[in-house]
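S.K.: I have a structure here, written as C-alpha cells, and I will follow up with some questions on it.
There are 2 protein chains.
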Amino acid sequence: MEIKSYLKEQRLLVEAAFDSYIPAATGDFAKHIEAMRYSLLAGGKRVRPILCIAAARAVGGNTIDDQNILPVACALECIHTYSLIHDDLPAMDNDALRRGKATNHVLYGEAGAILAGDGLLTWAFDLLCNPSHGNLDSEKKLAISHCIAHAAGSFGMVGGQALDIASENTRFPFETLQTIHRSKTGALITASVVSGAIAAGADREQSEALKQYGHQIGLAFQIVDDLLNATATTEQLGKAAGSDIELGKATYPAYFGIEETRKRALNAIEKAKTCLKDFDDKAQPLRLLADYIYTRSH
Amino acid sequence: MEIKSYLKEQRLLVEAAFDSYIPAATGDFAKHIEAMRYSLLAGGKRVRPILCIAAARAVGGNTIDDQNILPVACALECIHTYSLIHDDLPAMDNDALRRGKATNHVLYGEAGAILAGDGLLTWAFDLLCNPSHGNLDSEKKLAISHCIAHAAGSFGMVGGQALDIASENTRFPFETLQTIHRSKTGALITASVVSGAIAAGADREQSEALKQYGHQIGLAFQIVDDLLNATATTEQLGKAAGSDIELGKATYPAYFGIEETRKRALNAIEKAKTCLKDFDDKAQPLRLLADYIYTRSH
C-alpha cells in the first residue's frame with residue numbers, strides 16, 4: 001500500500017460524503033451555510049476523518065459500512081474546521097491566510113465567522129446524534145458523541161486553546177506545554193481514532209490500544225506542527241510561517257531545538273506503531289498514517 | 001399554584017443542579033471554566049430548563065426522576081448562555097451589560113469569551129450524551145440530543161442569529177422577521193419543551209401538542225422581548241434598552257406599533273394554552289408559564 005494514493009482515495013471519500021451530510025447553501029440561511037461550507041471545503045488533509053475510518057477498518061475491515069462511519073468522519077471534520085475558524089479570528093491568532101486562502105472572517109466578517117464556527121460545531125452533533133444516519137445502535141452513537149464532545153470541549157480542544165491564548169508571551173514549565181498540546185490537538189485526534197473503534201465494536205483491549213496509538217500520533221502531530229511553523233515558509237504552509245515566535249508561543253523547538261524535537265516526534269511515532277502490535281494487516285493504514293505524520297516534518 | 005413561587009422553586013432546583021453537572025473552576029483549565037461559570041451563574045430566569053422540566057412533568061408527573069431531566073435542563077441553559085455570550089461580543093451586538101452585570105468579554109477578553117461560549121456549547125452535548133447521567137435509555141438520550149442540536153444550530157438559533165445580524169439596517173418583509181424569531185428564539189424554546197416530552201416518554205399526540213405549545217410560547221416570548229426592548233428602561237432590563245432601534249433591527253413594534261404587538265403576544269399565549277386542552281392538572285405549570293411570559297410585557 002502506498003500512503004499517498006491511500007490518503008488521496010480516503011480524502012476523496014470524505015469529501016464526497018460532505019455532499020450527503022453537510023447542508024447545501026440554499027434557503028433562508030444560505031449565506032450562513034455558505035460561510036460554513038467555504039471553510040469546510042477549503043481543502044485540508046482530512047486527517048481526523050481518515051484516522052476514524054482507518055481505526056474502524058483496523059478492527060472490522062470491510063464489514064464496516066460506510067453509512068455508519070462517514071457521518072462520524074464528517075462530524076470530526078466539522079469540529080476541526082470550526083476550531084480553525086475561531087482560532088483565526090482577530091481576537092485569537094488573527095490569521096488572514098489558511099491553506100493558502102483567505103480566512104473565514106476576512107470573507108464573511110467577524111460575526112459571520114463566529115457563527116459559521118458555532119454552526120459547524122453544532123452541526124457535528126446534529127450529524128452524530130441523528131437517528132436516521134446509518135444503522136449503528138443508539139448506545140454506540142451515544143458513546144461516540146460523548147467521546148467526541150468531551151475531547152472537543154473544555155477539558156480538550158477548547159480548554160487547550162484557552163490555555164494556549166492565556167500563555168502567549170509568558171514563561172511556563174514544559175508540563176504546561178504538554179497539557180496544551182495534549183488538549184488542544186491530541187484530544188480530538190485520539191477521539192477520532194477511538195470513535196472509529198467504537199463504531200466498529202472494538203473490544204476493551206483493542207480500544208485501549210487504539211487510544212494509546214491516538215495519544216502518540218496526536219503528540220507527534222503537534223510536535224511536527226511546531227517544527228513546520230519554525231522551519232517551513234509561508235508558501236509551504238499555506239498560512240503565516242513563524243507566527244508562533246511572533247505570538248510569543250512556547251513550542252517544542254523553543255524548548256529543545258530542532259534536532260531534539262525531531263527525535264521526540266520520531267519516538268512518538270515508534271510508540272504509536274508499537275501500540276498496534278496485536279493488530280493484523282487491517283491496521284496497515286494506521287501504521288502508514290503514523291509514518292506519514294513524521295515525514296511531514298521534512 | 002402561584003407562578004412566582006413555582007418559578008423561584010424551579011429556578012433554585014436548576015441552579016442547585018449546576019453543582020452536579022457543571023465543572024468546577026479548578027485544575028489546568030480553571031480560568032476558562034471560571035469564564036463559563038461566570039455567565040452561567042450570572043442569573044437569568046432559567047426559562048428553558050423550567051419549560052423542559054414542566055413539559056416532562058406534564059406527561060409523567062412525579063414519576064419523572066430528577067436525575068433524568070436535570071442534565072437536559074442544565075444543557076439547555078448552557079446553550080442559551082453560550083448564545084448570549086457570543087451575541088454580546090463586540091463583533092455582534094457589542095453589549096457591555098447583561099442582567100445588570102458586565103458581559104463575558106468585558107471581564108475575560110474577546111478570545112476568552114468566544115472560548116467560554118464554545119466550551120458551554122460543547123459541554124451541553126457532553127452532558128446530554130453522557131451515558132453515566134440518569135437512566136434514560138440511549139435511544140431517548142440520542143433523540144433529545146438530536147432535537148436540541150438541530151434547534152440550536154444553523155437551521156435554528158445560530159442560523160437565526162446570522163440572519164438577524166445580516167438584516168441590521170436593511171428593510172425586509174415581515175416574513176423574514178418571522179423566520180428570524182422562529183429560528184433565533186423559538187427553536188430552542190420549542191426544543192426545551194419537546195426534549196422534556198421525550199424524556200417523559202410522551203406519545204405521538206402529546207409530543208405534537210407540546211411542540212405546538214412550544215412554537216406559540218416561543219413566538220410570544222420573542223414578541224415580548226421586542227416590546228420590552230422598545231418600552232422598558234435599561235435599569236428594568238439589566239441590559240441596554242432601545243438597542244434594537246439603535247442597531248436598526250426590525251421588530252414587531254416597528255411593524256405593528258405597541259398595542260397591536262401586545263395583542264399578537266396575547267393571541268399566541270391563548271393558542272399555546274389551547275394546545276394543552278387534552279392535558280390534565282399536571283400541565284398546570286405550563287399554562288401558568290404561558291401567562292407569565294405575557295405578563296412580562298407590562
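Chains V and W are the protein sequences, given in the same order.
Residues 1 to 298 in full-length UniProt numbering are what the first sequence lists, from first letter to last.
Residues 1 to 298 in full-length UniProt numbering are what the second sequence lists, from first letter to last.
Cβ atoms here follow ideal geometry from the backbone N, Cα and C, with glycine treated the same way.
Within the continuous alpha helix (DSSP H) that includes W:E77, where are the two ends?
M.R.: 66 to 88 is the extent of the alpha helix (DSSP H) around W:E77.
S.K.: Roughly how many angstroms separate the alpha carbons of W:T26 and W:M36, rounded to a whole number?
M.R.: 12 Å
S.K.: Is the segment 64 to 80 of chain W touching the segment 219 to 227 of chain W in the sense that three or more CB pairs, one from each, lie closer than 8 Å?
M.R.: no
S.K.: Please identify, using Cβ separations under 7 Å, the residues of the segment 114 to 138 of chain V that lie next to chain W, in order along the chain.
M.R.: Those residues of the segment 114 to 138 of chain V that come within reach of chain W (Cβ to Cβ, closer than 7 Å) are I114, L115, D118, G119, L121, T122, W123, F125, D126, C129, N130, P131, S138.
S.K.: Just to make sure I have the definition right: I need the residues of chain W whose C-beta is within less than 8 Å of the C-beta of V:H181. Which are they?
M.R.: In chain order: nothing, as chain W lies at least about 12 Å away.
S.K.: Any C-beta of chain V sitting closer than 7 Å to the C-beta of W:E110?
M.R.: yes
S.K.: Of the residues V:I223, V:V194, V:G201, which one's Cα is nearest the Cα of V:T185?
M.R.: V:I223
S.K.: Do the CB positions of V:L188 and V:A152 come within less than 7 Å of each other?
M.R.: yes
S.K.: Excluding sequence positions up to five away, which residues of its chain have a Cβ less than 7 Å from the Cβ of W:E139?
M.R.: none
S.K.: Drop a sphere of 10 angstroms on the beta-carbon of V:L136, count the other beta-carbons inside from all chains shown, and report buried for 16 or more, exposed for fewer.
M.R.: With 16 or more other Cβ atoms inside 10 Å of its own Cβ, V:L136 counts as buried.
S.K.: Per DSSP, V:R98 is paired with what?
M.R.: V:K101
S.K.: Should residue 303 of chain W go down as buried or exposed, given a rule of 16 or more other Cβ atoms within 10 Å for buried?
M.R.: Nothing about residue 303 of chain W can be reported from this structure: the residues present for chain W run from 1 to 298 only.
S.K.: Taking the alpha-carbon positions, what's the V:G109 to W:R171 distance?
M.R.: 21 Å
S.K.: Any beta-carbon of chain V closer than 7 Å to the one on W:V106?
M.R.: no
S.K.: Can you tell me the Cα-Cα spacing of W:M92 and V:E168, whole angstroms?
M.R.: Taking the straight line from one Cα to the other gives about 26 Å.
S.K.: Whose Cβ in chain V lies nearer than 7 Å to the Cβ of W:P23?
M.R.: Result: S154.
S.K.: Classify W:R204 as buried or exposed, calling it buried when 16 or more other Cβ atoms lie within 10 Å of its own Cβ.
M.R.: exposed
S.K.: Within 10 angstroms of its Cβ, does V:D281 collect 16 or more other Cβ (buried), or is it exposed?
M.R.: Around the CB of V:D281, fewer than 16 other CB atoms lie within 10 Å, so the residue is classed as exposed.
S.K.: Taking the Cβ atom as the reference point for each residue, do V:A55 and V:A209 lie within a distance shorter than 7 Å?
M.R.: Result no, Cβ atoms of V:A55 and V:A209 do not sit closer than 7 Å.
S.K.: Roughly how many angstroms lie between the CA atoms of V:S154 and V:V47, to the nearest whole one?
M.R.: 22 Å
S.K.: For V:C275, is the beta carbon positioned less than 6 Å from some heavy atom of the ligand MG?
M.R.: The ligand MG is not among the ligands present in this structure, which contains no ligands whatsoever.
S.K.: Assign W:S132 to one of three DSSP states: helix, strand, or coil.
M.R.: coil
S.K.: Is V:K45 buried or exposed, if buried means 16 or more other CB atoms sit within 10 Å of its CB?
M.R.: exposed
S.K.: Would you say V:F221 reaches chain W, if we count a Cβ-Cβ gap shorter than 7 Å as a contact?
M.R.: no
S.K.: On the CB-based measure, 16 or more other CB atoms within 10 Å of its CB, does W:P131 come out buried or exposed?
M.R.: exposed
S.K.: When DSSP labels each residue in this structure, what does W:P253 get in the three-state scheme?
M.R.: helix
S.K.: Considering W:S5, what are the terminal residues of the alpha helix (DSSP H) in which it resides?
M.R.: For W:S5, the enclosing alpha helix (DSSP H) starts and ends at 3 to 21.
S.K.: So W:L142 and V:K141 are supposed to be a Cβ contact under 8 Å. How far apart are they, rounded?
M.R.: 6 Å
S.K.: Quick one: grab the DSSP three-state call for W:D278.
M.R.: coil
S.K.: Would you mind giving the Cβ-Cβ distance between V:G134 and V:D65, rounded to the nearest angstrom? I have them listed as a contact below 8 Å.
M.R.: 7 Å
S.K.: Do we get a CB-CB distance below 7 Å when we pair V:S145 with the residues of chain W?
M.R.: Closer than 7 Å: yes.
S.K.: Looking at chain W, which residues of the segment 164 to 194 of chain V have a Cβ within less than 7 Å of any of its Cβ atoms?
M.R.: I165, A166, T179
S.K.: Within its chain, find whatever has a CB closer than 7 Å to the CB of V:A283; leave out the 5 residues flanking it on each side and keep chain order.
M.R.: A58, L276
S.K.: Inspect the beta-carbon positions of V:G215 and V:T190 and report whether they are closer than 7 Å.
M.R.: Looking at the sequence provided, one finds His at residue 215 of chain V rather than Gly. Going by C-beta atoms, V:H215 is nearer than 7 Å to V:T190.
S.K.: To the nearest whole angstrom, what separates the beta carbons of W:D118 and W:H105, a pair I think is in contact under 8 Å?
M.R.: Their Cβ separation, rounded to whole angstroms, is 13 Å, which puts W:D118 and W:H105 out of contact at 8 Å.
S.K.: So V:L84 and W:L121 are in contact, right, with Cβ under 8 Å, and what is the actual spacing, rounded?
M.R.: The pair is not a contact, with the Cβ atoms about 17 Å apart (cut-off 8 Å).
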